[in-house]
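**Q** Below is one structure. I have some questions about it.
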Amino acid sequence: MAMNSTPGIARAIAGALSAVSLAALALAVPALKVDEGKVNTGYLDIARIPTECFGHTGPEVRVGVTRSDAYCEAKLAGDAETHLRGVLACTPTLADRRYQLAAATRTAFNIGVAAFCKSTIARKFNARDWRGGCDAILLFNKARVRGQLVVVAGLAKRRARERAMCLTDL
């Protein structure tokens, strides 16, 4: 093996996910499909954010542009992993807790990693208050609609599903 390939291998190993993280993704991704639904054509969501596929957002999303099923599946897998890594960065206490990590990943997928990391959910998990962290998921049931923060029934139901997953094995 050439000496110059070692840093590449080290980077790959450092970037590898643990068995618990892989298990959390295996729990989170099918649930995200239900949570988000799939719309192959870009649209504005309830908060007027350009969205496509399984809730994918970003600067490349264009309202009216249609994506393939394969593209949507790949985006979901990548987005879920990105959000899981973001959750672990601010709540390392979840590294060995697959159900709580899966639920936190689902929540962060919807509210964003930055909001998750500043949340009561993250604070509770970092204090190892697992039930408190799971219960705090329910607080994120609102969206800004026409400038007002309002409870959204669909978000309340989603948070209840996330909390139920989170409470597993406690």
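Taking mature numbering (1 follows the signal peptide of the UniProt record, and there is no 0), I'd label the letters of the sequence shown as residues -26 to -1, 1 to 144. Every residue gets a Cβ at the ideal spot worked out from N, C-alpha and C, and that includes glycine. As the structure is a computational prediction, the values presented were derived from the model and not from experiment.
Pull the bridge partners of residue 15 from the DSSP assignment, please.
**A** Taking the first residue of the sequence shown as 1, we reach residue 15 at position 41. Beta-bridge pairing links residue 15 to 40.
**Q** Tell me which residues share the same chain as residue 11 and place their Cβ nearer than 7 Å to its Cβ, disregarding the 5 neighbours each side in the sequence.
**A** The residue labelled residue 11 in the question sits at position 37 within the sequence shown. Hits under 7 Å: none found.
**Q** Evaluate contact between the segment 54 to 70 and the segment 112 to 124, counting only Cβ atoms and requiring at least three cross-stretch pairs below 8 Å.
**A** Not touching, per the Cβ criterion.
**Q** Going by DSSP, which residues form a beta bridge with residue 122?
**A** The residue given as residue 122 occupies position 148 in the sequence shown. 119.
**Q** Could you tell me the boundaries of the beta strand (DSSP E) in which residue 25 lies?
**A** Against the sequence shown, residue 25 aligns to sequence position 51. Here the beta strand (DSSP E) through residue 25 covers 24 to 27.
**Q** Run through the DSSP bridge pairs and tell me what residue 30 is partnered with.
**A** On the sequence shown, position 56 is the one that residue 30 refers to. BP columns for residue 30 point to 26.
**Q** Roughly how many angstroms lie between the CA atoms of residue 29 and residue 101, to the nearest whole one?
**A** Working through the sequence shown from its first residue, we reach residue 29 at position 55. Working through the sequence shown from its first residue, we reach residue 101 at position 127. Distance between the alpha carbons of residue 29 and residue 101: 30 Å.
**Q** Within a Cβ cutoff of 8 Å, which residues of the same chain sit near residue 25, ignoring the five residues on either side of it in sequence?
**A** For the purposes of this step, residue 25 is taken as the residue at position 51 of the sequence shown. Answer for residue 25: 13, 16, 17, 18, 19, 31 and 35, listed in chain order.
**Q** Taking all protein chains shown into account, do 16 or more other C-beta atoms lie within 10 angstroms of the C-beta of residue 125, making it buried, or fewer, making it exposed?
**A** Residue numbering aside, residue 125 sits at position 151 when the sequence shown is read from its first letter. It counts as exposed.
**Q** On the criterion of 16 or more Cβ atoms from any shown chain inside 10 Å, does residue 95 qualify as buried, or is it exposed?
**A** Indexing the sequence shown from 1 puts residue 95 at position 121. Residue 95 is buried by the Cβ-count criterion.
**Q** Do you know how far the Cα of residue 83 is from the Cα of residue -17?
**A** Against the sequence shown, residue -17 aligns to sequence position 10. Against the sequence shown, residue 83 aligns to sequence position 109. Reliability of the predicted coordinates at residue -17 is poor, the pLDDT of 46 falling under 50, and the value obtained from them is presented with this limitation in mind. Distance between the alpha carbons of residue -17 and residue 83: 28 Å.
**Q** According to DSSP, is residue 92 part of a helix, a strand, or is it coil?
**A** In the sequence shown, the residue the question calls residue 92 occupies position 118. If DSSP states are grouped into helix, strand and coil, residue 92 belongs with coil.
**Q** Buried or exposed, going by whether 16 or more other CB atoms sit within 10 Å of the CB of residue 122?
**A** Sequence index remark: in the sequence shown, residue 122 carries index 148 (1-based). By the 10 Å Cβ count, residue 122 comes out exposed.
**Q** Say whether the segment 106 to 113 touches the segment 68 to 78, bearing in mind that this needs 3 or more beta-carbon pairs closer than 8 Å, one atom from each stretch.
**A** Cβ pair count under 8 Å is three or more, so yes.
**Q** For the alpha helix (DSSP H) containing residue -5, list its first residue and its last residue.
**A** Numbered from 1 along the sequence shown, position 22 holds the residue referred to as residue -5. It spans -8 to 10 - the alpha helix (DSSP H) in which residue -5 sits, taken as one unbroken run.
**Q** How is the alpha helix (DSSP H) around residue 107 delimited, first residue to last?
**A** What you label residue 107 is simply residue 133 of the sequence shown in a count that begins at 1. Start and end: 104 to 110.
**Q** Helix, strand or coil, according to DSSP, for residue 60 in the structure here?
**A** Taking the first residue of the sequence shown as 1, we reach residue 60 at position 86. Of the three classes helix, strand and coil, the one that applies to residue 60 here is helix, per DSSP.
**Q** Decide if residue 60 is buried, meaning its Cβ has at least 16 other Cβ atoms within 10 Å, or exposed.
**A** Translated into the one-based positions of the sequence shown, residue 60 becomes position 86. Classification of residue 60: buried, given that the 10 Å Cβ count is 16 or more.
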